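Counting from 96, one number per residue, gives the positions in the sequence shown under this note's numbering. Beta carbons: idealized from backbone N, C-alpha and C, even for Gly. These figures come from a predicted structure and were not determined experimentally. To start, the structure under review is shown below, and the notes come after it.
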Amino acid sequence: KRWKKLTSKIRNLDLTINELRTEAEHAEPLDARGSRIPSIFMCCLFRCFQLGLREVELQRMLEDNWVFVRCAAALYIRFLVPPDKLWKWFEPYSLDSTQFTPYLDKEDVTSFGSFLEGLIIQGKYC
Numbered sequence: 096k097r098w099k100k101l102t103s104k105i106r107n108l109d110l111t112i113n114e115l116r117t118e119a120e121h122a123e124p125l126d127a128r129g130s131r132i133p134s135i136f137m138c139c140l141f142r143c144f145q146l147g148l149r150e151v152e153l154q155r156m157l158e159d160n161w162v163f164v165r166c167a168a169a170l171y172i173r174f175l176v177p178p179d180k181l182w183k184w185f186e187p188y189s190l191d192s193t194q195f196t197p198y199l200d201k202e203d204v205t206s207f208g209s210f211l212e213g214l215i216i217q218g219k220y221c
């Protein structure tokens, strides 16, 4: 139901970015612990896959002021870019100290740079 509502609402990248800015509260796959409802963040990320982003669009998202827009770009890259090319994308942001809470546990604060490192090292989103 959420997906149908969102797809009618977010028809292009600008609308998807706006949805991430206004509605995303975390970067978890599901809306809440024990839930089977996909999070707004994951619905927007899936929409990005459907739109088939170009390099310039990904770069624009990585440079966005809102961290969940940047996280969506990072996950898009993590899923679609070959492992040997990830560092080219992530290196400029690896020391980014912007603090945020990407997970449901609001006590788990991390930097964007650490989030990127986790995408490479951990298998959380695999």
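{"Check": "Could you name the residues of the same chain whose beta carbon sits closer than 7 Å to that of R97, not counting the 5 residues immediately before and after it, in chain order?", "Outcome": "I132, P133 and C138"}
{"Check": "From P187 to A119, what distance separates their C-alpha atoms?", "Outcome": "24 Å"}
{"Check": "Within 10 angstroms of its Cβ, does R128 collect 16 or more other Cβ (buried), or is it exposed?", "Outcome": "exposed"}
{"Check": "If you compare alpha carbons, which of L157, V151, D179 and P177 is closest to F210?", "Outcome": "L157"}
{"Check": "Just to confirm, are D159 and I112 a CB contact at a threshold of 8 Å?", "Outcome": "yes"}
{"Check": "Can you look up S209 in the DSSP assignment and give me helix, strand or coil?", "Outcome": "helix"}
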